[in-house]
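J.: Chains as they are written, first to last, in my numbering: chain X, 93 to 229; chain Z, 93 to 229; chain R, 93 to 229. My questions will all concern the structure given below.
Listed below in structure tokens is the structure:
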């Protein structure tokens, strides 16, 4: 069994952004040399998500509106008693998820026709990381 | 390390359906010959989910009602400007999740007493796929 | 490839509790002797979650309030026609997720600075289990 590890770094300009990272993840598989296995892609921070869905700008707006409705940025959060102001981001990240696990087949992401991997930032404007771990053969 | 791959195909009659796929997934493990490892089961389409919960008809109605309340089929979605009409399905799938990863122990799904794997379709009535990938020994 | 399996047992005093299990999971990795691989941590019951986020008491209250707003304990659920009273718990668990998959690097959880693994109980006061499965080398 082989394993391979890579960190991807991001610094968004906005508090909230959706970034398609499929190409970067694909490159990690190629660097790993692994042909058959699993790849884990996870946010290393707790106010960001990694998820898989369509790369369509209207849909990204729908996600933004949906998440803001469920956990508005300006609402009151117990978490803010610590001095933080990102209670909404901790909830948004739970809805969208921390990680994805994808099959690797023939040295590539084993994807359906529209699957794309996104890094979703809910409390950005600072350097944050995504972990990519590959295991297989 | 061994690996094994199988696609499961579905075409639902309704736009939204919940299908228990536990038996099919179990059969893939048997076909793989893998005794100890992990199995990934994921929707290959972005308007469907794979998740684990109880196979109880009332609960499935509760999920349907809950998801329709959060993301109604008939609401306005930016995504519909593309000509699509499934904005709700992209959101419902995010709530229920894309994939499950299950332990394989002694050649079988390592499950608690009530765990069942479901394919949740939110934009059906056409042929769509679930990917099953097994790794282990 | 090596694999290792351990069950963690919990019995909460309250119906709903959040328990930080990071130390227990770390110990399983040490017991496994695995240096590089993946670890799966999942609730074996369908009214509980395993998720990763911050260990901050205000945030846990925010999660509790958020989940209770989306799926109130005292609402009507079709699932209750079976005699059960935990329809809310089946929904809360779907929002927070069943499982996490974490990378193991150099024999430890490969975590960002604030990542902590939680067992979230939504229908407690009885003995319930979490499964930990490690694969790697």
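Idealized CB from N, CA, C, for every residue including glycine.
Thinking C-beta only, is residue 196(X) closer than 7 Å to residue 129(X)?
T.: yes
J.: For residue 97(Z), would you say it is in contact with chain X, using Cβ-to-Cβ distances shorter than 7 Å as the test?
T.: yes
J.: With a threshold of 8 Å, are at least 3 pairs of Cβ atoms found where one atom belongs to the stretch 128–147 of chain Z and the other to the stretch 196–209 of chain X?
T.: yes
J.: Give the straight-line distance between the Cα atoms of residue 93(X) and residue 93(R), rounded to the nearest whole angstrom.
T.: 6 Å
J.: Kindly list the residues whose CB is nearer than 7 Å to the CB of residue 219(X), restricted to its own chain and excluding five residues on each side of it in sequence; keep chain order.
T.: 101, 103
J.: Which residue wins for smallest C-alpha separation from residue 77(Z), given the options 115(Z), 125(Z), 176(Z), 152(Z)?
T.: As shown, chain Z starts at 93 and ends at 229. That puts residue 77(Z) outside it, with no answer to give.
J.: Among the residues of its own chain, which have a CB less than 6 Å from the CB of residue 183(Z), if the five just before and after it don't count?
T.: 163
J.: Using a C-beta cutoff of 7 Å, does residue 223(Z) count as contacting chain X?
T.: yes
J.: Once the 5 residues before and after residue 99(X) are set aside, which same chain residues still bring their CB inside 8 Å of it?
T.: 136, 221, 222, 223, 224
J.: By Cβ distance below 8 Å, which residues in the same chain neighbour residue 122(R) in space, the five residues on each side in sequence not counted?
T.: 199
J.: What is the C-beta distance between residue 154(X) and residue 170(Z), in whole angstroms, given that I count them as a contact (C-beta under 8 Å)?
T.: 5 Å
J.: Give the interface partners of residue 229(R) over in chain X, defined as CB-CB distance under 7 Å, in chain order.
T.: 93
J.: What residues in the stretch 182–207 of chain Z bring their beta carbon closer than 9 Å to a beta carbon of chain R?
T.: 187, 188, 189, 192, 193, 194, 195, 196, 197, 202, 203, 204, 205, 206, 207
J.: Select from 156(Z), 120(Z), 97(Z) the residue whose C-alpha is nearest the C-alpha of residue 110(Z).
T.: Nearest of 156(Z), 120(Z), 97(Z) to residue 110(Z), Cα basis: 156(Z).
J.: List the residues of chain X whose Cβ lies closer than 8 Å to the Cβ of residue 130(Z), in chain order.
T.: 130
J.: Let me confirm a value: residue 139(R) is counted as buried when at least 16 other C-beta atoms fall within 10 Å, else exposed. Which label applies?
T.: buried
J.: Taking just the CA atoms, how far does residue 189(X) sit from residue 190(R)?
T.: Rounded to whole angstroms, residue 190(R) to residue 189(X) spans 11 Å at the Cα level.
J.: If distances are taken between C-alpha atoms only, which option among 176(X), 96(X), 141(X) comes closest to residue 214(X)?
T.: 141(X)
J.: Might you give, ordered along the chain, the residues of its own chain that have their beta carbon closer than 8 Å to the beta carbon of residue 118(R), omitting 5 neighbours on each side?
T.: Excluding sequence neighbours, residue 118(R) sits near 200, 201.
J.: Could you name the residues that DSSP lists as bridge partners for residue 228(X)?
T.: 94(X), 129(X)
J.: Put residue 102(X) into one of helix, strand or coil per three-state DSSP.
T.: strand
J.: Where does residue 208(X) sit, in a helix, a strand or coil, going by DSSP?
T.: strand
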